[in-house]
Ligand code: IMP
Ligand code: MG
C-alpha cells in the first residue's frame, strides 16, 4: 500500500484549524470552569500537535499526560479491545480529565479509552477529537467536542500519519492514490 504513489490534497488549512481550536478552547474553559487543575490526556501519537496547540489556547490550570493504546491487535473487528501500550503517569481519581484524540473513525478507540478511564473514577471526564468520520461509526459513541466532521477519506497531517509519514504537514490533507 505504502509503495503506491499518492498526492495529498488539502482539506483543512492550518489557519482554519487554528481558528477552530481557539473557539473549542473557549467552550472547554466554560465547561470546566472552577476546576482546580484539568488533566489533559493526549492519545499518542496522532494527537501530539493538536494537544500542543489546544493547551496553549486554554486559560485554565492544566496538567498534560499521555497514553498510547491500540484497539486493533489481532482481534476480530467485533471484539476490539483497548490494549494499553503506555499508561498515564498520573492518578486521575477525583480529578477533571479531558481526553484528546486525533480522529474518531469506527469509535472503538475513544469509546474504550473513556470506559477504561471512567473506571478510575475521575470527577469530570470529557473528550475532544479534532476530526470525526461519522459515516464510519461502528459503536454508539459521541465525543463531547469535535473540530471538524469529514467524509470517509484517509487523511494525514497535523500529527496524523500514513505509515508513519506526513505527521509534520501543517494542514489536514486527503491521501489520493495516483495509480
Ligand atoms: P477508531 O477506533 O476506528 O475510531 O480509530 C481511530 C484511530 O484510527 C485514530 O486514532 C487514528 O489513529 C486511526 N485513523 C482513523 N482514520 C484515519 C485516517 O484517515 N488517517 C490516519 N489515521 C486514521
Ligand atoms: Mg490513533
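In my numbering, the protein residues as written are 679 to 857. By construction, the Cβ of each residue, glycine as well, lies at the ideal position given by its N, Cα and C atoms.
What first and last residue would you give for the alpha helix (DSSP H) that runs through residue i?
i, result
"residue 709", "692-709"
DSSP state of residue i, grouped into three classes?
i, result
"residue 828", "coil"
"residue 797", "coil"
"residue 730", "helix"
"residue 763", "strand"
"residue 788", "helix"
"residue 821", "coil"
"residue 723", "coil"
"residue 681", "coil"
"residue 843", "strand"
Quick one: is the Cβ of residue i within less than 6 angstroms of any heavy atom of ligand 1?
i, result
"residue 838", "yes"
"residue 783", "yes"
"residue 833", "yes"
Near residue i, which residues of its chain fall below 6 angstroms by C-beta distance, leaving aside the five closest residues on each side in sequence?
i, result
"residue 744", "720 and 722"
"residue 783", "811 and 814"
"residue 701", "none"
"residue 751", "For residue 751, the predicted structure reports a pLDDT of 49, less than 50, and the residue's modelled location is therefore unreliable. A value from the coordinates is still provided. Counting only Cβ-Cβ distances below 6 angstroms, and skipping sequence neighbours, we find 761."
"residue 766", "743 and 745"
Once the 5 residues before and after residue i are set aside, which same chain residues still bring their CB inside 7 angstroms of it?
i, result
"residue 773", "717, 800 and 801"
"residue 854", "684, 685 and 687"
"residue 874", "This structure does not reach residue 874, given that the chain is present from 679 up to 857, and the question cannot be answered."
"residue 778", "718, 719, 720, 721, 725, 728, 729, 732 and 806"
"residue 754", "With a pLDDT of only 48 at residue 754, under 50, the local geometry of the prediction cannot be trusted, and no value is derived from it."
Kindly list the residues whose CB is nearer than 8 angstroms to the CB of residue i, restricted to its own chain and excluding five residues on each side of it in sequence; keep chain order.
i, result
"residue 839", "723, 724 and 845"
"residue 790", "747, 749, 758, 759 and 760"
"residue 798", "769, 770 and 771"
"residue 713", "738, 739, 774 and 802"
Looking at the secondary structure, which residues open and close the beta strand (DSSP E) in which residue i lies?
i, result
"residue 854", "850-855"
"residue 781", "774-782"
"residue 744", "740-748"
"residue 808", "803-810"
Taking 7 angstroms as the limit, tell me which residues put their C-beta closer than that to any heavy atom of ligand 2, in chain order. 721, 724, 779, 780, 781 and 787
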